[in-house]
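Worksheet: the structure to be examined is printed underneath.
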Amino acid sequence: MALPELEDHLATHGVDPALSNHMVQNGWTTQNFSVIVDSISGFTDEIWTELSESPISLVQRSNLKIAWQQLQPAAVLPGRELQTGAAASAAGVPQEGSWAESFAPKIQPSTVAKLKKQFLVDYPSEVLTPETMPSTRLLSLAHHQHGKQEYRWIPWKFRMTQARLEDMVIYQRPKVPKIEGLQLHQLIWDEPPSLDINNQGMGVNAIRNMLDVHNIALALVGSCHLQRLRAYSLKFMSYMIQRLEGDSGLRLPNVLEAQAADKALWQLIHDLVLDQQFTLDNAIHEVTHLRSDMASLLQPRPKDQQEQFHYDVEPTPLQVAIGQAGAIHPLIRLLEDNEQRIRVVAAAVLNDLASDNPDNQVAITQGGAIDPLVRILKRDEAPALVMAASLLKSLAAGAAAEQDSAPSALLGAVPPLVALLRGKTLLAQEQAASTLGALAAHSPPIQAAIVRAGAVSPLVERLHGDMMKGTAIVALRNLATSHAENQQAIAEAGAILPLVKLLEDAMPMVREEAAEALWTLAQDNLENQLAIIRAGGSASMVALLKGDSQEQATLALLGVAEAVRNGA
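Each residue of the sequence shown is one higher than the one before, counting from 601 in my numbering.
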C-alpha cells in the first residue's frame, strides 16, 4: 500500500501545519521520515533540532512520535510494546540480548565535533589532522562501547586514521563474491574497508600506528586518559623491539602473534572492568604495570630450524615459474595499455614477480619496464602512481646487477617521484619517499639528481610531523651517504635540528634511524659536525649509549669526536 503524503499524514495526527510545511520544504517525505530513528527512544534533542530551528513543544513532539509510529511495519498503539521479537527480526533490527550482531551505529558529525572540541581542551598539546584522526568506523566502535561501558578489544583491521580510510576507499579493488554458501544480506552489504593484518607486509611501525590511533579514539570519546593508553602502547612496543643476540636462537613476536597478545590483554582489561568494577584507567594501569601477562604474551619465541640457518629470502617457486614461462614481456607491454585499470594490474603483478627475486628484477629492467613506469608516474591517477612507484623500488634492488643501464634508466623516474612527495594522499607521498630512498642507496648519480629535483625540502618537513618520520629519515640518510654536496644541501635545509630532537623520540627505532642519519651527515664534514654539537646532539647520543641504540650512537659520536679533535 502506498504511503500517504507527509503533510497530510502529520496533519492527521495533530502536528502543527507550520511545522509540517517547514519539514516538507527541507526535503522530508513519508519514506525518509519513517526511518528517521530505529525506536521511540531515538528521538533525542539532536533530532528535534534537525527537524526545526525553533523549539518544538512537548505536545508537538508527542504528535510527531505518534505519526512516526503509524508508519512502522508493525505499528501499535501508544502504551503498548513497540515491536515484538518477531517484528524486530523482520525489520532487521538486532534486539538487546539477541544473537544478532551488527556494526556499531555510525556516530553523528555533530557528536564528533563536540568530542574533538572537548579533546583539544583536555589535551591542548595534541593536534588532530586527517593523518591522526581515527576513522569514522573506529570512532563509532569506541563511542558505542563507551556508551555501554563495555570495553572490548577492537580488531586491528579497523584501527586506521581517516586519511588511511579515504586512501583505501580509492585504492580498494572490488571483490567478486563466491556465491556458494552466501546469504542474501552478504550479497547486498559491501564489506567495509579494513586493513590486511599479516606478517609479510607489516612491521613494528604499522603496529605502533595502529596502537596510536586506537589511543586517540578511546581518549576522544572519554573512555580513558590518553597518558594511560600511551603507557600501555610504549610498554607493548618495548617488548616488540627489544634487542636479541644473534646466536640466542630466539626471535621477537610477529605481527599476528602481537595481535593475539593485544586481544588477550584487552580481554583481561574487559574482565577487570566488568567483573571487578575497575575503571578503565585503573584496569589499563593494572595490566601495564602490575601484572606480568604482557611480558608473558610477548616473550621471545624460539626460532625454527629454517629461520636459524637460512637468512636469505628465497624466490618463491611460483615467481620462478612465471618468469621462466615468458610472462614478463607481455606484462611490460600491458603497462602501455589504454585503460588505467589494466596498467595498475600489470604493475601489481610485475611488482609481485620482482619482490625478493633478483633474476626477475633484472629481466623486468632489461625488458624495458622503466620507461612506461615513468610515463605512468607523469600522467596517471593515484592507484597507478602508487603501484608504479612500488615496482620502481623493487627494481632499484636489482640495479647493482646492471650498473651501466639500470641507474641511467632509473634517472628518468626521479622528477615525477619528487613531484609525488607533495601528492594528494599520504600513501602516495610515503611510497614516493620510500622509492627515492631505495634509488639513492644504489647510485651516486641518482643521489645528486634527487637533490637537484627538490626532494630535500619536503623530506625535511616530514621530520617535524608524526607521520612518515621513519621513511623520511631513511631517505635523507641514503641521500647523504658518501656524498658531500648532498650532506651540505640537507644541512642547509634545516635537517640537523629535527634529527637531533628525534634522538629523544619515544620509539627506539626512530632514535636509531635518526642517529644513523646524523652519522652520515657528520662523516668527513666538519661543518655538519659542529652543527650537530651546537644543536645538542652529542649529549643526546651519550644518553643513547646507555640505552638500546648503542651501535648507532657510537657511530654518530665518532663524527662528533672528530670535530672536537679538530678544535671545535
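Beta carbons: idealized from backbone N, C-alpha and C, even for Gly.
Since Glu650 contacts Thr630 with CB under 8 Å, what's their CB separation in whole angstroms?
So it is not a contact: roughly 17 Å between Cβ atoms.
Distance, Cα to Cα, Glu1116 vs Val1110?
10 Å
So Leu850 packs on Pro792, CB below 8 Å; how close in whole Å?
38 Å between Cβ atoms; not a contact.
State the start and end residues of the unbroken alpha helix (DSSP H) segment that holds Gly923.
Pro917 to Gln924
Per DSSP, Leu1249 is paired with what?
Because the chain spans 601 through 1168 in this model, residue 1249 falls outside it and cannot be assessed.
Since I believe Met837 is in contact with Leu852 (beta carbons under 8 Å), could you give me their beta-carbon distance rounded to a whole number of angstroms?
Not confirmed; about 11 Å, so no contact.
For Ala667 and Pro734, I'd like the C-alpha separation in whole angstroms.
38 Å
Let me confirm a value: Asp862 is counted as buried when at least 16 other C-beta atoms fall within 10 Å, else exposed. Which label applies?
buried
DSSP beta-bridge partners for Arg851?
Arg901
With H, G and I counted as helix, E and B as strand and the rest as coil, what does DSSP make of Pro792?
coil
Can you tell me whether Ala921 is buried or exposed? The criterion is at least 16 other CB atoms within 10 Å of its CB, across all chains shown.
exposed
Hey, could you find the ends of the alpha helix (DSSP H) Glu1030 is sitting in?
Leu1026 to Ala1040
Indicate the three-state DSSP secondary structure (helix, strand or coil) for Pro655 in the structure shown.
coil
Leu619 to Gln800, Cα distance in whole Å?
59 Å
Under the rule that 16 or more other beta-carbon atoms within 10 Å means buried, what is Gln1129, buried or exposed?
buried
Would you report the Cα separation of Ile1096 and Arg1134, rounded to the nearest angstrom?
10 Å
Residues near Gly968 by beta carbon distance below 8 Å, same chain, minus five either side:
Ile932
For Val887, tell me which candidate among Arg828, Ser662, Ala984 and Glu857 has the shortest Cα-Cα distance.
Arg828
Pick from Ile1046, Val624 and Asn663: whose alpha carbon is nearest that of Ile640?
Asn663
Residue-level contact to chain C via CB, Arg752, 8 Å cutoff
Structure shown: chain C not included; a single protein chain is present.
Would Arg1022 be called buried (16 or more neighbouring beta carbons within 10 Å of its own) or exposed?
exposed
In chain order, what residues of the same chain have a beta carbon less than 6 Å from the beta carbon of Ala984, not counting five sequence neighbours either side?
Gln940, Arg943, Val944 and Ile976
Taking all protein chains shown into account, do 16 or more other C-beta atoms lie within 10 angstroms of the C-beta of Gly657, making it buried, or fewer, making it exposed?
Here residue 657 turns out to be Ser, not Gly, going by the sequence shown. It counts as exposed.
Mapping the DSSP letters down to three states, classify Thr732 as helix, strand or coil.
coil
Cross-strand partners of Thr761 (DSSP beta bridge):
Pro734
Coil, strand or helix - Glu750 by DSSP
coil
In three-state terms, what does DSSP make of Ala618?
helix
Rounded to the nearest angstrom, what separates His1042 and Gly1094 at their Cα positions?
25 Å
Straight-line CA distance for Leu1102 to Thr1120?
15 Å
Taking Val873 and Tyr751 to be in contact with their CB atoms under 8 Å, please state how far apart those CB atoms are, rounded to whole angstroms.
6 Å
Are Leu868 and Ser833 close, meaning C-beta to C-beta below 8 Å?
no
Ile841, DSSP secondary structure in three states
coil
By Cβ distance below 8 Å, which residues in the same chain neighbour Gln924 in space, the five residues on each side in sequence not counted?
none
Please state the DSSP three-state secondary structure of Ser725.
coil
Status (buried if at least 16 other CB within 10 Å, exposed otherwise) for His1064:
exposed
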